[in-house]
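Worksheet: the structure to be examined is printed underneath.
In our numbering, the protein residues as written are 1 to 438.
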């Protein structure tokens, strides 16, 4: 345990560079001769259960070592993944006794997959899918959420899935009602569904066939006490990746259900999620009249009611930068619709809200909030827990972030990363109504 703590510290130690950015104190080539030989003995300790059974410190050290070695770990990546698959199937699945060890093992698998899959290693699916299949067949509820997330990462990283038939059957199975009854499964299932949506060119037929069931699961999550946010996460994945003809016949109903749910009782958090989803829809549509036209069909004058009572009050409360920028570009696009830009009493408050969203005076603070404080407050930070909860199972390495870095969550608009890019996008969106603004 103490040796694992030391390895973890050495591989993750950072210091400020000349440009002010923090980076690892020791480079990968320097660490490799010392750390790489430790990996297989550590895995053997986990497999044999020597010392502390399911020792989370050993598992955490493995994550830190592989992450720090990066490309220098490619040579040991395949045997390491194979050994971890055996640990999952033979040690964790029969009796998942330590939540933090399970979490770290799957984090390590995610890091290894980021190394192996882009390199075109054909053996990855053969190594890992049987272990995940065993967990599924045994119904190990504590591990299933991790399996869904890792499968989503594999699908994201695989340009052309070789096991297409298996993935088609998997898609049908993850929509099964019994899996959605366990709240801990739902965020992981949505992560996996997002990967399917991103590959709609490959899975178009099965996605179209299952779209009604997908929106039934949206309705279930929306009405669940703990899963309202997950419902909008599913909707965001649909809006971001699928062509409109996949979902247009169901989207109208989804919005009606959402508004009915929000009107029944005050849900500040869900109102923010609703605004993010509507912002994403507006931005992804080329026609700025798409949302106003749909809302007018639901109820005349509904757009202005939503803008005044939900959109403008809730958008400034979105703090995470990856989500806030969706609100920025969505509001900018919405302001170009006729109902908004031709009504000075509505356009003025929209301009004020957009100006507030664009303020970058506290950008450093916002970045810190996004990366450190808010994940802890929202439950995304793995902490000591006595039971498995929905918020505990998020894998930091399961987003396809650059390199082996951990993701802060799904970035709905990865094309907008810099402040200058965001400002340029807003200027271009508002250019058609510049006379009305001035």
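Ideal Cβ positions, reconstructed from N, Cα and C, are used throughout, including at glycine.
Query raised in the report: Whole-angstrom Cβ separation of residue 153 and residue 174, contact assumed at under 8 Å?
Result: For the purposes of this step, residue 153 is taken as the residue at position 153 of the chain shown. For the purposes of this step, residue 174 is taken as the residue at position 174 of the chain shown. No, residue 153 and residue 174 are not in contact; Cβ-Cβ is about 15 Å, not under 8 Å.
Query raised in the report: Which residues in the same chain as residue 105 place their Cβ atom closer than 7 Å to its Cβ, once the five residues preceding and following it in sequence are excluded?
Result: Against the chain shown, residue 105 aligns to sequence position 105. Excluding residues within five positions, the ones whose Cβ falls inside 7 Å are 59, 84, 87, 88 and 92.
Query raised in the report: So residue 8 is in the alpha helix (DSSP H); what residue range does that whole segment cover?
Result: Here residue 8 corresponds to residue number 8 of the chain shown, with the count starting at 1. Its alpha helix (DSSP H) spans residues 2-12.
Query raised in the report: From residue 227 to residue 186, what does the alpha carbon distance come to, in whole angstroms?
Result: Here residue 227 corresponds to residue number 227 of the chain shown, with the count starting at 1. Here residue 186 corresponds to residue number 186 of the chain shown, with the count starting at 1. Distance between the alpha carbons of residue 227 and residue 186: 8 Å.
Query - Sufficient close CB pairs (3 or more, under 8 Å) joining the stretch 35-47 to the stretch 61-69 - result: yes
**Report entry** Span separating the alpha-carbon of residue 64 from that of residue 335
**Finding:** The count along the chain shown starts at 1 and reaches residue 64 at position 64. The count along the chain shown starts at 1 and reaches residue 335 at position 335. For residue 64 and residue 335, the distance between alpha carbons rounds to 46 Å.
Query - Environment of residue 412 [buried if 16+ CB atoms lie within 10 Å] - result: Taking the chain shown and counting its residues from 1, the one referred to as residue 412 is at position 412. When all chains shown are included, residue 412 counts as buried.
Report task. Could you say if the stretch 49-57 and the stretch 20-30 meet the contact criterion of at least three C-beta pairs nearer than 8 Å? Result -> no
Query raised in the report: From residue 224 to residue 40, what distance separates their C-alpha atoms?
Result: Taking the first residue of the chain shown as 1, we reach residue 224 at position 224. Taking the first residue of the chain shown as 1, we reach residue 40 at position 40. One C-alpha to the other measures close to 44 Å.
Report task. Please look up how many angstroms separate the CB atoms of residue 326 and residue 280, rounded, as I've assumed it's under 8 Å. Result -> Counting from one through the chain shown, the residue named residue 326 turns up at place 326. Counting from one through the chain shown, the residue named residue 280 turns up at place 280. That pair is a contact at about 5 Å.
Query raised in the report: Within the 9 Å Cβ cut-off, does residue 332 reach chain C?
Result: Of the chains in the structure shown, none is chain C; there is only one protein chain.
Query raised in the report: Where are the alpha helix (DSSP H) runs, 4 residues long or more, that stay fully inside the stretch 16-61, in chain order?
Result: 28-35 and 39-48
Requested in this report: Answer with buried or exposed for residue 422, where buried requires no fewer than 16 other C-beta atoms within 10 angstroms of its C-beta.
Outcome: As a position in the chain shown, residue 422 is number 422, starting the count at 1. Under this definition residue 422 is a buried residue.
Query raised in the report: Smallest Cα separation from residue 139: which of 397, 166, 95 and 210?
Result: The count along the chain shown starts at 1 and reaches residue 139 at position 139. Nearest option by C-alpha distance: 95.
Query - residue 171 versus residue 341: straight-line alpha-carbon distance, rounded - result: Here residue 171 is taken as the residue at index 171 of the chain shown, counted from 1. Here residue 341 is taken as the residue at index 341 of the chain shown, counted from 1. Going by the C-alpha atoms only, they are around 43 Å apart.
Query raised in the report: Do the stretch 232-242 and the stretch 267-277 make contact, defined as three or more Cβ pairs closer than 8 Å?
Result: yes
Query raised in the report: Helix, strand or coil: how does DSSP classify residue 224 here?
Result: Residue 224 sits at position 224 when you count from the first residue of the chain shown. Three-state DSSP puts residue 224 in coil, outside helix and strand.
Query raised in the report: Quick one: is residue 166 buried, meaning 16 or more other Cβ sit within 10 Å of its Cβ, or exposed?
Result: The residue labelled residue 166 in the question sits at position 166 within the chain shown. Residue 166 is exposed by the Cβ-count criterion.
Query raised in the report: Mind checking whether residue 357 and residue 414 have CB atoms under 9 Å apart?
Result: For the purposes of this step, residue 357 is identified with residue 357 of the chain shown, where counting begins at 1. For the purposes of this step, residue 414 is identified with residue 414 of the chain shown, where counting begins at 1. Not closer than 9 Å, so no.
Requested in this report: Quick one: grab the DSSP three-state call for residue 267.
Outcome: For the purposes of this step, residue 267 is taken as the residue at position 267 of the chain shown. Note: residue 267 maps to coil in three-state DSSP.
Query - Member of 103, 130 and 418 whose CA lies at the smallest distance from the CA of residue 82 - result: For this step, residue 82 is matched to residue 82 along the chain shown. When each option's Cα is compared against that of residue 82, the closest is 130.
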